[in-house]
Each structure stands twice: as structure tokens, then as C-alpha cells.
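Position in the sequence shown (from 1) plus 14 gives the number in the numbering used here.
Step one of this worksheet: look at the structure below.
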Amino acid sequence: MAILSRIKFVEDLFIRMAWVIENVVNAETEFPRASYAKTIIWVVVEGKRTIEVNGFLHEVQAGDIVVIPPQTPRTVLSSDPNSVPFHFYTIGCDIKIGSLNFAELYKLPLLTRVADTSSFKELSSLTAKLLVQSLQVIKELNALNQPQLVIARVNTDETAALLAVNASFHVWFARFLDMMRCYLPDEPQEIDPRIRRLCTYMQRNLDRKLTLPDLSQYSYISESHLRLLFRKTLGVSPSEYLRQLRLQRAKDLLVNTSYSLKEIAELSGFETLNHFSRVFSAYESLPANQYRKRYYGSVQG
């Protein structure tokens, strides 16, 4: 017998692909500063570019894998106009263990120059097949070239096709992780179980007003010790972590739903629309309505 349900990790692990895109852009094309609610993975097939992530510059070239965690600002800078076009696949996905991000827990490197060219070609081929399969499903749903269309219901055949795409992404991610294994630690980052439980609680209650005393009472930890544990474990205060979760929820709703800004503010747990607008503009360097106009129904990755 092989009873996987006894392994709690199986229950906690959540993997879902949000999009897969093939990008071929001219060298002088610049992507403005952006951050997404998803983990972004690039598979770079051809060309070179410089990207800025969290204020640091990185030279990206063919054969590289780039992993950008959620809520991480990035800018793609222009290059020499005589350079070859920059060709890369972008996969946007949710990969979590409980409420915590997989890329950060396993310390996936931002930039990996893959030494094994055959493995990289295999992953590139799998990515291309995943794109073709996904496009076929979108076509069957009559949603091709309609990036703003929200599909609420699917029939049985469409359900099976969507499950098949998800299964293909699981295969893709397993191959990706196998290729990245030599760059990863033997164990994920150790998270205090009380903090892990509290993070899940915060994730599930974003639409509520959560204060530090509330979080302290829920976790049976004093406020001062809770602040200390959070900074030691996650590098930020409880209030900053909560703010990041709220912004992540808001960005997801901005680009994937037609909710009004007021509704998004409420669903994300901001006290007022004005409070939401101020926080969003401060963190994203553009107002929420402009973020929606730029990314609603489509992404650059």
C-alpha cells in the first residue's frame, strides 16, 4: 500500500498555473516596473536582457531560468537595438505550502544559468507543449484573443481538458524542480509552526479587520514576542506581512475580475477605498485603476 494522505505535506502543497505566454520582443522594448500576485518563472530561449529586481541588476541570457516570487517588483530594461530579439516563456503560477510561498521557502534562486543544456532544452520543449495545450483549451472555450473574458462555467469535456492542462503543469513543475535540485537546500526554510498557523489564519481572513492584539490572541503569543518571531522567521513585521497579503489579493482581483475598486478594497480588507488607494499607489508606484488598465486580462510576466 501507498497511503499518501498520511503525509501532511501532500495536503498542504498547492500548485496551479495561471498563465503561460511565449514572448518575443525587440531588444529596445522595455517592460515597466511591475509586480504580480503570482510566482513568475521565465525560461529564456534566445537573446540577452538586463532586468532590475528589488533594486539589483541581473544579466539574463539564453539558457537561464528566472524565478520571481509574488509581490517582487521587476523592470526589464531596453538593450542594444542591434541585438537579437529576446525570446522567453513566462509561466505565472501559484505554488504554496499552506499559505507560504514555495519559491521563498525553498530559496529558489532568482537567476539560474543551467549548465546541462539537454535538460534546459527538455524543459523548453515541455513549456512549448504546455502552451499549445493551454491555447487549445482556450480555443475550445471560445476565449481565444479575448483576454478580458471571465469564464464562470465549463461543461464536462472542458473540465476534463482543464484538468489535463493542470496535470501537464504538474509534470512540468516536477521536471523543473528536478533540474533545479542541485541549486536547492536539502530542507525548506524552517518556519515556527505558530507562525505558519497564523499566516494561514491571516490568508483566510483578509476581508476582516485584523489587529496585532487579534493576532496575538489567536496565536497565544504576546504582541512583543509575536513581532520578534515574525521578523526572525519572515523578515517583516506582522502588519507588513498582512499588508503584502492584502495587496496580493487586490492585484489578483484587479486583473482577474470586474469588481469595482470599492469592492476590491473591501474584499482585500482595507478600511476604506481611500486607504486602499493610498497604500496601493505607495507600493506599486501607480494607482490601482491604472494597474488594472495595464494588466486586466493580460500580463507581461
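Heads up, the beta-carbon is just placed ideally off N, CA and C, and yes, glycines get one too.
Keep in mind the model is a prediction, meaning the values are calculated, not measured.
Is V67 closer than 8 Å to A88 when the C-beta atoms are compared?
A quick correction: the sequence has Arg, not Ala, at residue 88. Yes, the Cβ-Cβ distance between R88 and V67 is below 8 Å.
Around the C-beta of I392, are 16 or more other C-beta atoms found within 10 angstroms, so that it is buried, or is it exposed?
Because the chain here runs from 15 to 315, residue 392 falls outside it and cannot be looked at.
Say whether chain D places a C-beta atom closer than 8 Å to the C-beta of Y50.
Absence of chain D from the displayed structure is noted, only one protein chain being present.
Taking just the CA atoms, how far does N115 sit from I109?
One C-alpha to the other measures close to 6 Å.
Can you name the start and end residues of the alpha helix (DSSP H) that V24 belongs to?
Here the alpha helix (DSSP H) through V24 covers 22 to 26.
Quick one: is G69 buried, meaning 16 or more other Cβ sit within 10 Å of its Cβ, or exposed?
G69 should be labelled exposed.
Kindly indicate which three-state DSSP category M15 falls into: helix, strand or coil?
M15 falls in the coil class under three-state DSSP.
Going by DSSP, what residues sit across from A48 in a beta bridge?
In DSSP, A48 forms a bridge with R88.
L261 and I209: beta carbons closer than 8 Å?
No, these two residues do not count as a Cβ contact at 8 Å.
Label K276 either buried or exposed according to how many other C-beta atoms from any shown protein chain fall within 10 Å of its C-beta, with 16 as the threshold for buried.
Counting Cβ neighbours within 10 Å, K276 comes out exposed, since fewer than 16 surround it.
Provide the residue(s) that pair with N115 in DSSP beta bridges, ordered along the chain.
K110.
For R208, which three-state DSSP category applies?
Helix.
Please classify V58 as buried or exposed, where buried requires at least 16 neighbouring CB atoms within 10 angstroms.
Under this definition V58 is a buried residue.
Sorted by chain position, which residues of the same chain lie with C-beta nearer than 7 Å to D206's C-beta, five sequence neighbours on each side aside?
The residues are L243, T247.
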